[in-house]
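Numbered according to UniProt numbering, the sequence shown spans residues 1 to 239.
Some notes on the structure that comes next.
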Amino acid sequence: MDTRIWMDDGTALLLERIDALPLDEPGAGAEPVPGLKGWSRGHLLAHIGYNAQALQRLAHWARTGVETPMYASTESRNAEIEEGAKRPLGELAGFVRTSASDLARALDDLPGPAWKATVRTAQGREVPAREIPWMRTREVWIHAFDLDPEHVSFHDFPADLLDALITDVVAMFGRRGEVLGLTVAAVDRDRTWTVGDTGATVVVRGDLADLAAWLTGRASADNLTVSGAEAPPDLPPWI
Numbered sequence: 001m002d003t004r005i006w007m008d009d010g011t012a013l014l015l016e017r018i019d020a021l022p023l024d025e026p027g028a029g030a031e032p033v034p035g036l037k038g039w040s041r042g043h044l045l046a047h048i049g050y051n052a053q054a055l056q057r058l059a060h061w062a063r064t065g066v067e068t069p070m071y072a073s074t075e076s077r078n079a080e081i082e083e084g085a086k087r088p089l090g091e092l093a094g095f096v097r098t099s100a101s102d103l104a105r106a107l108d109d110l111p112g113p114a115w116k117a118t119v120r121t122a123q124g125r126e127v128p129a130r131e132i133p134w135m136r137t138r139e140v141w142i143h144a145f146d147l148d149p150e151h152v153s154f155h156d157f158p159a160d161l162l163d164a165l166i167t168d169v170v171a172m173f174g175r176r177g178e179v180l181g182l183t184v185a186a187v188d189r190d191r192t193w194t195v196g197d198t199g200a201t202v203v204v205r206g207d208l209a210d211l212a213a214w215l216t217g218r219a220s221a222d223n224l225t226v227s228g229a230e231a232p233p234d235l236p237p238w239i
């Protein structure tokens, strides 16, 4: 999978939806984002911009060998977003665009060996630097949906990206020991995923896009079918 292409395409989609916002309208940044409780458009755009800067720090770590965490702490990350959300929406739109461009250049400048360097995610997981484009891919595609669900659907996502996203979420649940035994099966693709190795106890079936939206907390299970239980399990936050 070429995660850099996904990253660039998702960034273009995200910027397109940001440009469609009433950027010069007073108070537009305070408009709530329906799927993200407690967050406004300002919070979301600030988060997206600061995420690009955080991933630039990982690129710096990979290039120089100098440990440069994404964030100093969860508290400082949250405070940064809260403060950033107060900026005018048009200013935040420019910040998202500039930080995305800066991240792209930082990745372009990484020499071959640096992609194998070990860096650490915000959740504390050690990964090779080659995962940085994938980490950004998740952000831009899913937050494009969050920002404008009327014009962006998970059904717009490339099928291989949805495969990778479900694989990522299922692996994350497994590492944390959550919803063990849950199997999700795509009816429009010959593929199943199971959380952990305890054996499937509940099977949830549906379109690839609907499964990905449900697993990431962006949709209910209304379009899915369940066997092995009366209802699908309640899912924890995936990231």
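Note that beta-carbon positions come from the ideal geometry of N, C-alpha and C, so glycine has one too.
Fair warning: this is a prediction, and the values are worked out from it, not measured in the lab.
Backbone secondary structure at residue i - three-state DSSP
i	result
valine 119	strand
serine 101	helix
valine 226	strand
threonine 192	strand
valine 204	strand
valine 179	coil
tyrosine 50	helix
tryptophan 61	helix
residue 243	The requested residue 243 is not part of the displayed model; the chain covers only 1 to 239.
glutamate 67	coil
aspartate 210	helix
aspartate 108	helix
alanine 93	helix
alanine 231	coil
proline 22	coil
isoleucine 113	Residue identity check: residue 113 is proline in the sequence provided, not isoleucine. Reduced to three states, the DSSP call for proline 113 is helix.
Residues near residue i in its chain [Cβ-Cβ closer than 6 Å; skip 5 each side]
i	result
serine 227	Val203
arginine 17	Ala144, Leu147 and Asp148
proline 232	Val204, Ala221 and Val226
isoleucine 48	Val96 and His143
valine 119	Leu58, Trp61, Ala62 and Ala129
leucine 13	Ala144
histidine 155	Ala209
arginine 189	Leu208
Residue i versus the options, residue with shortest Cα-Cα distance
i	options	result
proline 113	Ala129, Ala104, Pro237 and Arg125	Ala129
leucine 165	Val184, Trp61 and Arg57	Val184
valine 195	Ala85, Val169 and Ala219	Val169
alanine 186	Leu208, Gly174 and Gly199	Leu208
arginine 176	Ala122, Trp193, Ile239 and Thr98	Ile239
serine 101	Asp8, Ala46, Gly217 and Trp214	Asp8
leucine 161	Glu178, His151, Pro133 and Glu150	Pro133
leucine 21	Phe173, Ser40, Gly10 and Thr3	Ser40
threonine 11	Leu224, Arg136 and Gly206	Arg136
isoleucine 5	Trp141, Thr98, Pro32 and Glu25	Trp141
glycine 35	Glu150, Lys116 and Ala229	Glu150
glycine 27	Met172, Val33, Glu83 and Pro88	Pro88
lysine 86	Arg125, Glu31 and Thr74	Glu31
arginine 191	Asp2, Asp163 and Gly65	Asp163
glycine 42	Ala117, Thr64, Glu126 and Ile81	Ile81
asparagine 51	Ser153, Ala79, Glu230 and Glu139	Glu139
Enclosing beta strand (DSSP E) for residue i [first to last residue]
i	result
serine 76	Where serine 76 is concerned, there is no enclosing beta strand (DSSP E), although the alpha helix (DSSP H) it sits in stretches over 74-84.
leucine 182	182-186
glutamate 126	126-128
Neighbour flag for residue i against chain D, beta carbons, 9 Å
i	result
serine 76	Any reference to chain D falls outside this structure, which holds one protein chain only.
Bridge partner(s) assigned by DSSP for residue i
i	result
arginine 218	Paired residues: none, contrary to the question.
proline 32	Ser40
Residue range of the unbroken alpha helix (DSSP H) whose run includes residue i
i	result
aspartate 8	3-19
arginine 175	159-176
isoleucine 142	132-147
Beta-carbon contacts of residue i that lie in its chain and below 7 Å, excluding the five residues immediately before and after
i	result
threonine 198	Leu180 and Gly181
aspartate 24	Gly90
leucine 235	Val179, Leu215 and Gly217
leucine 44	Val33, Leu36, His143, Asp146 and Leu147
Residue i: CB within 8 Å of a non-hydrogen atom of the ligand MN
i	result
valine 127	As for the ligand MN, it is missing from this structure, which has no ligand bound.
8 Å CB neighbourhood of residue i in its chain, flanking five on each side removed
i	result
tryptophan 115	Ala62, Pro128, Ala129 and Arg130
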